[in-house]
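Chemist:
4 protein chains.
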Amino acid sequence: MNTFGRELRITTFGESHGRAIGVVIDGVPAGLPLTEEDIRKELDRRMFCHIHWLNPRCEPEEFEILSGVKDGHTQGTPIAIVIWNKKAISSYYDELWMKPRPGHADLAYYLKYGKFYDHRGGGRASGRTTAAIVAAGAVAKKLLALVGAEVAGHIVELGGVEVKRPYTFEDVKKSWEKPLPVVDDDALAAMLEVLRKNAAEGDSVGGGVEIWAVGVPQGLGEPHFGKIRADLAHAAFSVPAVVALDWGAGRQLAKMRGSEANDPIVVKGGKPGLETNKIGGVLGGITIGEPLYFRVWLKPTPSVRKPQRTVDLAKMEPATLQFKGRYDVSVVPKALVALEAMTAITLADHLLRAGVIRRDRPLKDPVV
Amino acid sequence: MNTFGRELRITTFGESHGRAIGVVIDGVPAGLPLTEEDIRKELDRRMFCHIHWLNPRCEPEEFEILSGVKDGHTQGTPIAIVIWNKKAISSYYDELWMKPRPGHADLAYYLKYGKFYDHRGGGRASGRTTAAIVAAGAVAKKLLALVGAEVAGHIVELGGVEVKRPYTFEDVKKSWEKPLPVVDDDALAAMLEVLRKNAAEGDSVGGGVEIWAVGVPQGLGEPHFGKIRADLAHAAFSVPAVVALDWGAGRQLAKMRGSEANDPIVVKGGKPGLETNKIGGVLGGITIGEPLYFRVWLKPTPSVRKPQRTVDLAKMEPATLQFKGRYDVSVVPKALVALEAMTAITLADHLLRAGVIRRDRPLKDPVV
Amino acid sequence: MNTFGRELRITTFGESHGRAIGVVIDGVPAGLPLTEEDIRKELDRRMFCHIHWLNPRCEPEEFEILSGVKDGHTQGTPIAIVIWNKKAISSYYDELWMKPRPGHADLAYYLKYGKFYDHRGGGRASGRTTAAIVAAGAVAKKLLALVGAEVAGHIVELGGVEVKRPYTFEDVKKSWEKPLPVVDDDALAAMLEVLRKNAAEGDSVGGGVEIWAVGVPQGLGEPHFGKIRADLAHAAFSVPAVVALDWGAGRQLAKMRGSEANDPIVVKGGKPGLETNKIGGVLGGITIGEPLYFRVWLKPTPSVRKPQRTVDLAKMEPATLQFKGRYDVSVVPKALVALEAMTAITLADHLLRAGVIRRDRPLKDPVV
Amino acid sequence: MNTFGRELRITTFGESHGRAIGVVIDGVPAGLPLTEEDIRKELDRRMFCHIHWLNPRCEPEEFEILSGVKDGHTQGTPIAIVIWNKKAISSYYDELWMKPRPGHADLAYYLKYGKFYDHRGGGRASGRTTAAIVAAGAVAKKLLALVGAEVAGHIVELGGVEVKRPYTFEDVKKSWEKPLPVVDDDALAAMLEVLRKNAAEGDSVGGGVEIWAVGVPQGLGEPHFGKIRADLAHAAFSVPAVVALDWGAGRQLAKMRGSEANDPIVVKGGKPGLETNKIGGVLGGITIGEPLYFRVWLKPTPSVRKPQRTVDLAKMEPATLQFKGRYDVSVVPKALVALEAMTAITLADHLLRAGVIRRDRPLKDPVV
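Residue numbers (our numbering), protein chains in the order written: chain A, -13 to 354; chain B, -13 to 354; chain C, -13 to 354; chain D, -13 to 354.
#1: Give me the DSSP bridge partner(s) of A:D298.
#2: Along the chain, where does the beta strand (DSSP E) that runs through A:T(-3) open and close?
#3: Please report whether the beta-carbon of C:P277 lies at a distance below 7 Å from any beta-carbon of chain A.
#4: If we count the other Cβ atoms within 10 Å of its Cβ and call it buried at 16 or more, is B:H36 buried or exposed?
#5: Could you please tell me which residues of the region 220 to 234 of chain C, in chain order, have their CB closer than 8 Å to any CB of chain A?
#6: Can you give me the C-alpha to C-alpha distance between D:S161 and B:P226, rounded to a whole angstrom?
#7: For B:P88, which of helix, strand or coil comes out of DSSP?
#8: In chain D, what lies closer than 8 Å to C:M177 by C-beta?
#9: Please list, in chain order, the residues of the region 286 to 306 of chain C that have any C-beta partner in chain D closer than 8 Å.
#10: Among the residues of its own chain, which have a CB less than 8 Å from the CB of B:V353, if the five just before and after it don't count?
#11: Please decide whether C:D351 counts as near chain A, where near means a Cβ-Cβ distance under 7 Å.
#12: Using a C-beta cutoff of 7 Å, does A:M(-13) count as contacting chain B?
#13: Near D:L325, what residues of its chain come up, given a Cβ to Cβ distance below 7 Å and the 5 sequence neighbours on each side ignored?
#14: Leaving out five residues on either side along the sequence, give the residues of the same chain with a beta carbon under 6 Å from the beta carbon of C:A124.
#15: Is there at least one Cβ from chain D nearer than 7 Å to A:I346's Cβ?
#16: Between A:N(-12) and B:H210, is the Cβ-Cβ spacing less than 7 Å?
#17: Could you check what DSSP says for C:P352 in three-state terms: helix, strand or coil?
#18: Just to confirm my understanding: we take A:W70, look at its own chain, exclude 5 residues before and 5 after, and list those with CB closer than 6 Å. What are they?
#19: For D:K285, report the span of its beta strand (DSSP E) as first-last.
#20: According to the neighbour-count rule (16 or more other Cβ atoms, all chains shown, within 10 Å of its Cβ), is B:Q61 buried or exposed?
#21: So, are the CB atoms of C:P288 and C:G8 less than 7 Å apart?
#22: In three-state terms, what does DSSP make of A:E208?
#23: Along the region 6 to 40 of chain D, what residues have a CB closer than 8 Å to any CB found in chain B?
#24: Quick one, are the C-beta atoms of B:V202 and B:L278 less than 7 Å apart?
#25: Nearest CA to the CA of D:A321: which residue from D:Y103, D:P167 and D:G13?
#26: Name the chain B residues whose beta carbon is nearer than 9 Å to that of C:N204?
#27: Chain B beta carbons: is any one of them nearer than 7 Å to that of D:K56?
#28: Is the Cβ-Cβ distance between A:P19 and B:G244 less than 7 Å?
#29: Work out the CA separation of C:K310 and D:V180 for me, nearest whole Å.
#30: Let me confirm a value: D:D314 is counted as buried when at least 16 other C-beta atoms fall within 10 Å, else exposed. Which label applies?
#31: What in chain C is Cβ-close to A:E1, meaning under 9 Å?
#32: Please work out which residues of its chain come closer than 7 Å, Cβ to Cβ, to C:G270, disregarding the five sequence neighbours upstream and downstream, and give them in chain order.
#33: In three-state terms, what does DSSP make of C:A235?
#34: Is D:H366 helix, strand or coil when you go by DSSP?
#35: With respect to 6 Å, is the separation between the Cβ of A:A94 and the closest non-hydrogen atom of the ligand COA below this value?
#36: Pick helix, strand or coil for D:R5, following the three-state DSSP scheme.
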């Protein structure tokens, strides 16, 4: 449905051109410092307003925390966040009614929800709804910080341009100072060029991102159906446009022999660890204290300005569609921030499931 | 934990060298024809006993249905299936105690469960435990058959050998008449050669499989967190050794432009459908009546006979490990059957979630 | 946590004196007629504004539907409803800070949430939060109406005054035309007298209500942990101040012999049914097509104006507390509406779980 | 369905006259001492074999732990327990086929499962299936012991005979040395007399039990839908034949005024606590460190030897039924043990949900 997680549970709602979108975040213990600024920071990261030609009318989100926070701390009760929709120009979408856009959710919604769904701006299927996920991710990241864990991602492929040079987690985090989070400046320049070209031609591009989670404690996850890998795959494929995922070295591992693929176990600082980390920090579904990383691949934005073949559902006959509304040349940058958020939410959920963070008492209580 | 699904729910248990493994299947309506033969057929498919050199001591599973079935039909109550473990030679594993095998779950289990876990034969992390999933999959496949849906998979890559020629879903199903389910005879021959070579050298290989689900009705899945893609990704990554997944055309979609990636919508038999199906039958997380397909990539079996570097956890110093027990040269064939099962379970769960199959009354009741 | 239900799922949020309370209702199929008026009607029923001396400053709730509804129908997506909190006078509560009110949740919240919780107006534990449940109940009642089922309750005891004369379900529904829903006019007069007396003396009273669900189809519920009785008990005890529940004839059944307690099975209109219905319409946890009914007992409002003994948590020494804010002389009337709502939500959830209402397609779609 | 709990999860299966009944217990951390003897002790308590005339052919259960336990400790993996059904004489039940027993689940099962369910011995609805719950309760009690909490219950009413004298929790525990756990010897004698009389007359009686949970830490439970009271109500009503529940002083509270009902808050050993405990240890759904207690009322066994009116479902005409099989004169003693188990399971689940017991590492690991 629209709820994700077991002990940290987020419930999202809202359509793109409706009154608002939002999220209820449940399971956060009392006493976590949390301000509107924490939420705003992540919502702003998602917007990439600084690339003006990419988002010509970019504006910061307007949101409110309706519950669960008092005096800069969580109360232990559900945190409801509403992100108000701006006055949108929906007339672009009038032509699309009953003419499902190829590659978009329109056809599926028509079959499942009939004439009742709000198709304007993509409605419930709009990438815009990931803003609610990103707001929840801001809270999850603060929970992770309690145990010294952090999540960050970057773009590794865009419009066919791939990042090829080696990098560290520090490089990943620093890449956010650039126009797009790309560790390799040459690749970044080429990517921006591809984006400009596609914007000019009314087309779109896909790409790939890599998410890292560092400092995640050992012992999270379970052998069969609570595997960290499986829960994060679920999380990642919940983000619109995701079409593939490689865990750790991913598909390359499938081409290796066992003697190559296995990461030797070594003593590190008096504790057992991996010499290499091709497996991405998880063995048998359980974290071992090594960094987690995985790559996620996204298809191009389905909305393009080129004419496309579709069906007029009222007449049930072929039709041509030309989209005239706003669209993102690539969903990759925004999806990256949503994927960071989903990763943080999933891992914070596991911290609570495993009891690493307790909830029978406040996180800190100077009164007691 | 060890339960998967919402309305069709499977709960698995058991360690590789313990008394038994098994599964409880909950949510099946009364009146579904089900016999031991249905279960046995799937358990046999998983074993590939016919490739003698691959499974030198291959024997069919011994199992019992303990509840939920009477006179060849389901009762509507939980179906418990126990698969008895055979007298296993665990002495191979004595040396491994406190010497975690690289690439295996040992190290993670040691960190999470301490000295309490049963490491013999891989314990709870053993690929053997997927037999319980396969038994549950047999039931799920019968539920899918009620609406005319079927699931089948095949091997598309093994030890670096790839299937390259085109094929149909009929080819996929017919490939099960061959020693391994590979649609391309040349590729099959090369794969068998690679397997033999690695068996001789005490090494292992990974590969990839493709799962198809055909006849799945429209309207299953939900826009945000009950996406069919996300639930199937969760399902697939629950199978041991899975490291990557491509939905539909997968990573290739990420390299296309929107105008190429979108599948045109056309009229098919008086209804809207896709001209091509690069997206794998799901739009916005919801089925549209087109076939679903995805590829899953598996790493090589971590157990190999070559010496490997590990740590002696008792002394916390480097150690060398040489595994002498039985192992599968590749997990790919067995995992394929488990992936078919997980796919069938996930989709049957969605049939129940959406109410396509009702549960307030028996499937058929000549009495009424 | 703050989510209830499996296929119809409500998630509530909000503190009494915070910005707003609200609810997200998930799982409703597309095409259910739903207007603000439907919600308002139930919110108004909960307020009993017509008894002026009971609610001196009674005002209708201000609420908004933020998502999931378009043109008077549900979209199939989550329905978020926000009920704005009015400018509340919180100064009454300043004295209560660190002086937990006996009988209220204050002490428990202090222990679990420390200084971080919002104690004003009872915060998250306030009876006010049941308005969100009542809003969700309005939607659930409309789902029940699809299959001809309806839920209604009445007061059977208040301040020690009991309803003793026999009545029908029609009487129960008609009792809502009176100041309080009580089928017996003499009892009603006595109850109003008791309420007035306690209001004057600054004390409060408890009581009991009975909930009926008529027209519920057969075959809902499951034998072990999805029992209708157990799910409704869970639902009922989720409403604040509930301290006891009698299912059907309840505790009286415990005093009978088997030969008296069993309801004879008879042919009714060509189908098997019960001659009497002491068991309250459920056998073995499953509905049989007979009316469901149960009684729920509520303790008196803990907030009273009489001085009470408590502890000053800052000094950890005895203290006396005198509450000066507004309080309800009895929670029974409002809780009754909340219990109707929880009953409707639980039963509508079971209609979806069992597939009686489908969700792979809209409820009605003239387009198709 | 047949799964109960969130972080401690039990899944039961089995029909009374099928091959076996059983339970899978999931979520127990590694390192909990657990032997067959722990399970057997609780299964034996449920049987009351020492009252020979009550259970003429009483025999201890035969069971096996199939997984999750090694060398006297839990492994952290699911614990599957199978309780084998004995060779039962099912011929008693032949006459009952298509003639539903009044008061039993037969009619409901016929409507929901049609001719497919196993009616022999009550099938899935048999009280016998609570043995699986009791086995799981044995494990939950050991988890509670980790934090110093314990659960025990006693009979407070049977066949109309009530316990009236005051007692302590020690009295409750000591009452288990008697033939039936009744704190008052006079009441016990009268109850045994009533049981004998009803056994002789082929009738049955109901009654009431009280469950105590002492030593439960503060801060468990949540304000809205994870209320301890609501979860325990759900737990209690999951036991067959339960028809009413009083939490704490229960219905008596509903007759008091607020000034009487509220328990004064006092300083106890330097901490805040309750002077009296009419509310049963829970405020606002959350534990406060005081003992929990509640009473549960059970209807008489529906199976009696007296002739009863029913319907022949094949002919759809009135019929008379005379049951000739074995039956329990009262379900109260066995249900008491099941209710203790459900209470322990629910509270242990909350210990895990709140993170009081962690699961990222073993409970104790001398190796580390």
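Glycine is no exception: its CB is placed at the ideal position from the N, C-alpha and C atoms.
Modeler: With the structure as the only source:
#1: A:E303
#2: R(-5) to G0
#3: no
#4: exposed
#5: none
#6: 51 Å
#7: coil
#8: Within chain D, no residue comes near C:M177; the closest Cβ sits about 13 Å away, beyond 8 Å.
#9: P286, T287, P288, S289, V290, K292, Q294, R295, T296, V297, L299, M302, E303 and P304
#10: No answer about B:V353 holds up, because its pLDDT of 34 lies below 50 and its placement is not dependable.
#11: Confidence at C:D351 is low in this model, with a pLDDT of 46, below 50, so the placement of that residue should be treated as unreliable; the coordinate-derived value is given next. Cβ-Cβ to chain A under 7 Å: yes for C:D351.
#12: yes
#13: G139, V195, I197, A222, V225 and V282
#14: D24, I25 and E28
#15: Rather than Ile, the amino acid found at residue 346 of chain A in this sequence is Asp. By this cut-off, A:D346 is an interface position.
#16: yes
#17: In this predicted model, C:P352 has a pLDDT of only 38, less than 50, meaning its place in the structure is not dependable; the value taken from the coordinates is given anyway. Coil at C:P352, not helix or strand.
#18: A6 and E48
#19: Neither: D:K285 is in no beta strand (DSSP E) and is coded neither H nor E.
#20: buried
#21: no
#22: coil
#23: A6, I7, G8, V10, D12, G13, A16 and G17
#24: yes
#25: D:P167
#26: According to the sequence as given, residue 204 of chain C is Gln; it is not Asn. Neighbours of C:Q204 on chain B, chain order: D346 and R347.
#27: yes
#28: no
#29: 54 Å
#30: buried
#31: S53, G54, K56, Q61 and T63
#32: P209
#33: coil
#34: Residue 366 of chain D is absent from the structure shown; chain D starts at -13 and stops at 354.
#35: This structure does not include the ligand COA; it has no bound ligands of any sort.
#36: coil
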